[in-house]
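Take a look at the structure set out below.
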Ligand SMILES: [Zn+2]
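Residue numbers (the working numbering): 195 to 325.
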């Protein structure tokens with residue numbers, strides 16, 4: 195049940211982000227679903243002493259709380275971040291979207307370790323003289 199709800203939220207966020215990227219109006223049903231998911235109780239920080247390492251995160255239902263945290267992050271992303279900063283990875287076998295926070299706004303891959311290195315290897319092999 196919770197996994198199904200989480201998958202639905204993932205697809206809702208994907209459609210909303212794609213709409214933002216293309217300047218398309220948000221579907222009212224997607225907006226309603228995202229906003230509803232964001233209303234669930236979030237994780238609760240509990241202080242047990244001095245310093246950040248003493249904070250425990252509690253919740254009656256950790257999966258629902260994590261789902262709510264994801265929805266809240268999506269709300270703030272769509273409200274505060276320029277859609278020009280959201281990009282699709284250029285990896286030929288990758289469809290991940292990512293937030294380009296680089297100063298030059300020229301990031302091309304979801305991850306250098308994943309798609310960036312594969313692209314460099316392919317480029318190197320194409321340029322390498324055969325012999
Ligand atoms: Zn990628």
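Where is the CB? At the ideal position from N, CA and C, for every residue including glycine.
Cutoff 8 Å; reference residue i; Cβ partners in own chain excluding five residues on either side
| i | result |
| --- | --- |
| residue 269 | 228, 229 and 232 |
| residue 226 | none |
Cβ-heavy atom distance, residue i to ligand 1, below 8 Å
| i | result |
| --- | --- |
| residue 290 | yes |
| residue 308 | yes |
Any chain C beta carbon closer than 9 Å to residue i
| i | result |
| --- | --- |
| residue 197 | Checking the listed chains, one finds no chain C in this structure; it contains a single protein chain. |
Three-state secondary structure assigned by DSSP to residue i
| i | result |
| --- | --- |
| residue 237 | coil |
| residue 242 | coil |
| residue 202 | helix |
| residue 314 | helix |
6 Å CB neighbourhood of residue i in its chain, flanking five on each side removed
| i | result |
| --- | --- |
| residue 240 | 250 and 252 |
**Message:** I'd like the ranges of any alpha helix (DSSP H) spanning at least 4 consecutive residues and lying wholly in the segment 256-311.
**Reply:** 256-274, all fully within the segment 256-311.
**Any 3 or more C-beta pairs closer than 8 Å across the segment 196-203 and the segment 212-220** = Between the segment 196-203 and the segment 212-220 there are fewer than three inter-stretch CB-CB distances shorter than 8 Å, so the stretches are not counted as touching.
**Asked** Are three or more beta carbon pairs between the segment 268-284 and the segment 292-299 nearer than 8 Å?
**Response** The answer is yes - the segment 292-299 touches the segment 268-284, with three or more Cβ pairs under 8 Å.
**Request:** Taking 8 Å as the threshold, find out whether the segment 253-262 comes into contact with the segment 232-243 through three or more Cβ pairs.
**Result:** Yes, the segment 253-262 is in contact with the segment 232-243.
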